[in-house]
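Visitor: I have a structure I would like to understand better, so I am pasting it below and will then ask my questions one at a time.
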Amino acid sequence: MDLIRNERAAVLNRSEERRGVMIPRTVEKIMCSRDGKREYRIMVAKPAAEPPPSGYPVIYLLDANSVFGTMEETVRVQGGRPEKTGVVPAVIVGIGYLTEAPFASARYYDFTMPSAVTEAPARPNGAAWPEQGGAESFLAFIEETVKPEIEREYTIDRGRQTIFGHSLGGLFVLQVLFTQPGLFQSYIAGSPSIHWNKRNLLEAERNFTARSDVDFGKIGLMVAIGELEKSHKSGIYDNAKELAERLSGLADRGLRLQFKSFEGEGHVSVLPALVSRAARFALSM
């Protein structure tokens with residue numbers, strides 16, 4: 002028995018046997034903004050199942066360095082048994098950065114509007130925040146570069162598109178919903194940093210709720226946050242809950258709204274639970 006164990010260990014320790022762990026049916030490429038100044042890691046996961054006649058639903062995932070693997074595994078496992086889970090297979094498109102870190106400083110620019118600089122809270126270490134104000138350019142990159150590429154390579158149902166963001170990414174998701182609600186059908190705003198740009202976001206929200214040209218029956222919004230975020234001095238928990246309460250008035254106009262507070266979870270630990278719930282919200286049969 003010891004001889005067998007030693008032989009197995011020798012095989013596993015051979016340098017030629019050491020390979021990176023691969024996620025099935027995934028690819029990664031580098032894509033640049035149109036001005037060539039910003040580069041992104043685009044990670045794509047394709048279901049094993051053939052696309053339905055209408056095409057695959059698609060989830061566009063911000064901060065992909067931190068959550069692409071979690072979302073891919075969640076959808077792959079749950080989408081493999083839709084009759085049990087209610088989750089259908091989908092293409093996952095992660096938009097990340099050229100770093101091995103879970104989060105990149107470039108997100109401060111990509112996820113914030115220009116006016117956000119005046120409302121950003123003081124940084125804990127007293128240093129200046131990275132450059133901000135590029136949300137419009139980042140959204141144009143998604144719409145004009147990423148989406149067309151994905152739709153050329155995969156059979157996509159353009160009537161079932163989701164955008165997922167957390168923290169500043171959640172703020173970005175809300176900005177897109179309030180200003181261009183027709184770009185996606187499901188919006189997932191996890192722990193949104195509303196305090197970062199609260200005045201302008203509230204104005205955008207008021208304009209959104211007053212619009213008569215929006216088919217709210219085709220829009221779903223999930224606002225989620227960790228229970229432990231109640232103690233954060235930014236008021237992030239109350240901001241998210243109050244936003245959901247205000248938007249609940251749109252239910253009569255068809256808006257599919259869900260607010261979820263995850264018990265025992267904080268700003269970062271909430272992510273795995275949020276991903277699972279978001280998959281069910283976006284991909285329910």
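So that you can map any letter, position 169 of the sequence shown is 170 in my numbering, and since no number is skipped, the others follow by simple counting.
Yeah, the Cβ is synthetic: ideal placement off N, Cα and C, and Gly gets one too.
In chain order, which continuous runs of the alpha helix (DSSP H) of length 4 or greater are located wholly inside the segment 96–132?
Guide: Segments of the alpha helix (DSSP H) lying fully in the segment 96–132: 108–111.
Visitor: P52 and T156 - do their beta-carbons sit closer together than 7 Å?
Guide: Yes; because the gap between Cβ atoms is below 7 Å, this pair is in contact.
Visitor: Leaving aside the five residues before and after G218 along the sequence, list all residues of the same chain whose C-beta is less than 7 Å from its C-beta, in chain order.
Guide: Within the same chain, G218 has close Cβ partners G255.
Visitor: Please give the ranges of any alpha helix (DSSP H) in the segment 129–206, keeping only runs that are unbroken, at least 4 residues long and fully inside the region.
Guide: Within the segment 129–206, the complete alpha helix (DSSP H) runs of at least 4 residues are 136–142, 148–154 and 169–180.
Visitor: Shortest alpha-carbon distance to E204 belongs to which of S67, T180, Q162 and S192?
Guide: Answer by Cα proximity: T180.
Visitor: In the structure shown, what three-state DSSP assignment does E228 receive?
Guide: Helix, per DSSP.
Visitor: Give the straight-line distance between the Cα atoms of I164 and Y188, rounded to the nearest whole angstrom.
Guide: Their backbone Cα atoms lie some 5 Å apart in a straight line.
Visitor: Which whole runs of the beta strand (DSSP E) in the segment 228–286 are 3 residues long or more, in chain order?
Guide: The segment 228–286 contains these whole beta strand (DSSP E) runs: 257–263.
Visitor: When you compare only the Cα positions, how much space is there between I294 and R159?
Guide: This structure gives no information on residue 294, because the portion of the chain shown stretches from 2 to 286.
Visitor: Here's the rule I'm using: 16 or more other beta-carbon atoms within 10 Å means buried, otherwise exposed. How should K47 be labelled?
Guide: When all chains shown are included, K47 counts as buried.
Visitor: CB-CB under 8 Å to G267, same chain, minus the five flanking residues each way: which ones, in chain order?
Guide: The answer, listed in chain order, is G227, L229 and E230.
Visitor: For G70 and L272, what's the separation of their Cα atoms in angstroms?
Guide: Each residue's alpha carbon lies about 12 Å from the other.
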